[in-house]
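Taking mature numbering (1 follows the signal peptide of the UniProt record, and there is no 0), I'd label the letters of the sequence shown as residues -18 to -1, 1 to 170. To start, the structure itself, in structure tokens.
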Amino acid sequence: MRTPLLILFILIGSLAWCQNNDTIAEPLPTKDTIHSPSKAMKLSAFVPGAGQFYNHFAKPKGKRYAFLKVPIIYAGLGWAAYSVFSNSVEVDRTRLEYYHRQENPGTIKFPEYTIFDQTNLINRHNLSKKNRDLSIAAFVLIWGLNVLDAGVEAHFVNFDVSPDLSLNLSPTLLNNSTYGVSLAFNFR
């Protein structure tokens, strides 16, 4: 029973192979080549630097440099994240040291705080807390600048800066002894 079914399926498959192709040519769908600034911003919002790579590959060959910003972005975010982490640890340790000294007078929990009295410990705690908050703000600011840069760069992907454009700034002395500035924008 298996052999006749196998032969039948092989014959049916060979009949399908022998069919004629359709002679009506259909055009292939064209890919939309419009570069989207909102897509670049969304990419950078989800993954820092992804919008810069998106812009980099959309630019003409001679003007590709957007990917060079990615290490700067990650260095800034890394610095801010490290600063948030180290200041958070300092806030927690100074708080624990302060409460330990309140509950156990004359004892020290962390040896690095032996030189600090209670007032200096509170001041150090407040300074670390302020620095942690500033580091969080710096992290958010760097992330936001990353998204903004991707959007601005995406707007300039198709911007043409040719040598035919010129801007001339020439200071002049007018007839009534006053200074003036003339600005000329030329298209060649």
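Ideal Cβ placement from N, Cα and C applies to all residues, glycine included. All figures in this text were calculated on a predicted structure; none of them were measured in a lab.
Element boundaries [alpha helix (DSSP H), containing residue i]
| i | result |
| --- | --- |
| residue 98 | Run containing residue 98: none; DSSP gives neither H nor E here. |
| residue 25 | 19 to 28 |
| residue 50 | Segment: none, residue 50 is in no alpha helix (DSSP H) and carries neither H nor E. |
| residue 31 | Note, residue 31: premise wrong, no alpha helix (DSSP H); not H, not E. |
Residue i, buried or exposed, once every other Cβ within 10 Å from all chains shown has been counted against 16
| i | result |
| --- | --- |
| residue 122 | exposed |
| residue 128 | buried |
| residue 57 | exposed |
| residue 25 | buried |
| residue 71 | exposed |
| residue 137 | exposed |
| residue 115 | exposed |
| residue 33 | buried |
| residue 134 | exposed |
| residue 51 | buried |
| residue 99 | exposed |
| residue -18 | exposed |
| residue 22 | buried |
| residue 79 | buried |
| residue 76 | buried |
Supposed close pair residue i, residue j - CB separation, criterion 8 Å
| i | j | result |
| --- | --- | --- |
| residue 37 | residue 139 | 6 Å |
| residue 120 | residue 62 | 5 Å |
| residue 40 | residue 17 | 5 Å |
| residue 118 | residue 73 | No, residue 118 and residue 73 are not in contact; Cβ-Cβ is about 12 Å, not under 8 Å. |
| residue 59 | residue 104 | Residue 59 to residue 104, Cβ: 31 Å. No contact. |
| residue 55 | residue 30 | 5 Å |
Tell me the start and end of each unbroken alpha helix (DSSP H) in the stretch 49 to 96 that is at least 4 residues and wholly inside, in chain order.
Counting only runs of 4 or more, we get 51 to 85.
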